[in-house]
């Protein structure tokens, strides 16, 4: 395709996505005269352009690292999303809801930290722990 700077230039081209309905609606809403070819695949959507399967992709992106590693750049944002946990106060599975809540909280806590591995003599362990104290649990 070359360098794409405007999403309208992808109208009528080959688009690979895991979200075919959203993608079709997006391109239809543009009112382009050309029919965009949308192919649905699951997983490794970013590799499609490099493999010659697509001229562009529509994908769910958090940081964009994998996308940039594949040589792609964001041209347009279709929608912003967020993940929420909604539970019935009268659920018959409160333990399951609490387990899911704790896992989400643990993940969010973990994203604030990095893991550091030391290769030190046991006699230096306390000194190392004082320099970089760790987190025990959420």
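In UniProt numbering, the protein residues as written are 1 to 138. Even for Gly, the Cβ is constructed at its ideal location relative to N, Cα and C. Treat the numbers as computed from the prediction; the structure is a model and nothing was measured.
Exercise for review: Assess, as a yes-or-no matter, whether the stretch 47 to 64 is touched by the stretch 9 to 17 under the definition of 3 or more beta carbon pairs within less than 8 Å.
Suggested key: yes
Practice item. Between the Cα of residue 7 and those of 82, 131 and 77, spot the shortest distance and give me the residue it belongs to. Key: 77
Review point. Are residue 40 and residue 18 touching if we call contact CB-CB under 8 Å?
Key: yes
Exercise for review: Note down, in chain order, each residue of its chain lying with its Cβ closer than 7 Å to the Cβ of residue 124, except the 5 sequence neighbours on either side.
Suggested key: none
Exercise for review: Along the beta strand (DSSP E) that carries residue 14, what are the first and last residues, could you check?
Suggested key: 14 to 17
Check your understanding: Per DSSP, what kind of secondary structure is residue 83 in: helix, strand or coil?
Key -> coil
Review point. Taking Cβ positions, are residue 49 and residue 72 nearer each other than 8 Å?
Key: yes
Review point. Are there 16 or more other CB atoms within 10 angstroms of the CB of residue 118, so buried, or fewer, so exposed?
Key: exposed
**Study point:** Same chain, Cβ closer than 6 Å to residue 62, neighbours up to 5 away in sequence not counted
**Key:** none
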